[in-house]
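What follows is a short report on a single structure.
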Amino acid sequence: MSLKVKLGLLAAGLMLSGCMQATTYEATNTQAFKPKDKELLAKIRYANTPVAEPYRRAIVDYHRKEAPGSIVVDSDSHYLYYVLDGGKAIRYGITVGEEAMAWSGIAKVGSMTEWPAWHPTKGEIERLGVPTFVAPGPDNPMGSRAMYLYANGKDTLFRIHGTNQPEYIGASISSGCIRLTNEDAIDLYNRVKVGTIVVVLDPKKGDSPYKPQMALQGGGTYAAMQ
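Counted the way mature numbering (1 follows the signal peptide of the UniProt record, and there is no 0) counts, the sequence shown spans residues -22 to -1, 1 to 204.
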């Protein structure tokens, strides 16, 4: 195989893996933290493991058709996108649920809470052996912020929230909800509002914004909510 062919195959592989996507990493803006955030984050007892670089919060190119201000969850690639103007988005690394417990579809943020309590479902109590109530705080699996998703006026029981296990960002281990680091959960929470559109892509369809061959087609599902 010639050197020219090898270089061509390498370039194609990089494009398919999403490595050609323009990326600008963002530092945590601690000035956006409230006094309570600083107080509780200072009390964390979990290992504050640095997030691997591919899953750090970043501003990236975005080619789908969702309107600015929308959220798109790409479980396949473990990313959540907050769509900006000008073909850009803020990309957050996430922990996602195991496939059997995953949810996909179009929803809206129905309510939002800072430092939420956790009321596990009956299924979670039986499956995980957790108590019926966990008070707000750094040890709570819901973390610093929670955004509750509703579809057709009903609670989907699917949440976007913080975590007390940041070491699992980029993995599929949770009970079905979308977890961000507590710092990223605060950042996203400050950008969204009740009524924000949330598109959770079907992982079986492979329509990830992180795959340029799909993203450049400009596919999108936001129009279904018009």
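Here a beta-carbon is modelled for each residue, glycine too, at the ideal position from N, C-alpha and C.
Legend entry - Under 9 angstroms between C-beta atoms of V29 and G71: yes
Legend entry - Closest by C-alpha distance to K86, when choosing among A5, G131, Y24 and D180: G131
Inset, instruction - Answer with buried or exposed for H56, where buried requires no fewer than 16 other C-beta atoms within 10 angstroms of its C-beta. - result: buried
Legend entry - I68 versus E17 - alpha carbon distance: 26 angstroms
Inset, instruction - Using three-state DSSP, classify A163 as helix, strand or coil. - result: helix
Legend entry - K100: first and last residue of the uninterrupted beta strand (DSSP E) it sits in: That residue, K100, is in no beta strand (DSSP E); its alpha helix (DSSP H) goes K100 to L106.
Legend entry - Cβ-Cβ distance between G65 and I175 below 9 angstroms: no
Legend entry - Environment of residue 212 [buried if 16+ CB atoms lie within 10 Å]: The requested residue 212 does not occur in the structure, where the chain is confined to residues -22 to 204.
Inset, instruction - Can you tell me the Cβ-Cβ gap for C155 and R169, rounded? I've got them flagged as a contact below 8 angstroms. - result: Rounded, the Cβ-Cβ distance is 19 angstroms, inconsistent with contact.
Inset, instruction - Enumerate in chain order the residues of its own chain whose CB-to-CB distance from G88 is below 8 angstroms, with the five nearest sequence positions on each side excluded. - result: Y126, L127, Y128, D133 and V172
Inset, instruction - Decide if residue 205 is buried, meaning its Cβ has at least 16 other Cβ atoms within 10 Å, or exposed. - result: Only positions -22 to 204 of the chain appear in this structure, which leaves residue 205 out of reach.
Legend entry - P13 versus V51, A149, S122 and L62, residue with shortest Cα-Cα distance: S122
Inset, instruction - For N7, count neighbouring Cβ atoms within 10 angstroms of its own Cβ and tell me buried if that reaches 16, exposed if not. - result: exposed
Inset, instruction - Output the boundary residues of the alpha helix (DSSP H) element that contains M31. - result: It is worth fixing the name first, because residue 31 is Glu in this sequence and not Met. No alpha helix (DSSP H) contains E31, which DSSP labels as neither H nor E.
Inset, instruction - Find out if the Cβ-Cβ distance for the pair V51, Y40 is shorter than 9 angstroms. - result: no
Legend entry - Span separating the alpha-carbon of W81 from that of A10: 31 angstroms
Legend entry - Alpha-carbon spacing of D54 relative to Q143, whole angstroms: 20 angstroms
Inset, instruction - For the beta strand (DSSP E) containing L179, list its first residue and its last residue. - result: No beta strand (DSSP E) holds L179; DSSP gives it neither H nor E.
Inset, instruction - Look at E92 and Y167 and say whether their C-beta atoms are less than 9 angstroms apart. - result: yes
Inset, instruction - Please state if the CB of T73 and the CB of R157 are separated by a distance shorter than 9 angstroms. - result: yes
Legend entry - D15 (DSSP reduced to helix, strand or coil): helix
Legend entry - E76 (DSSP reduced to helix, strand or coil): coil
Inset, instruction - Give the secondary structure of A67 by DSSP, where H, G and I count as helix, E and B as strand, and everything else as coil. - result: strand
Legend entry - Buried versus exposed, by CB contacts within 10 Å (16 or more), I103: exposed
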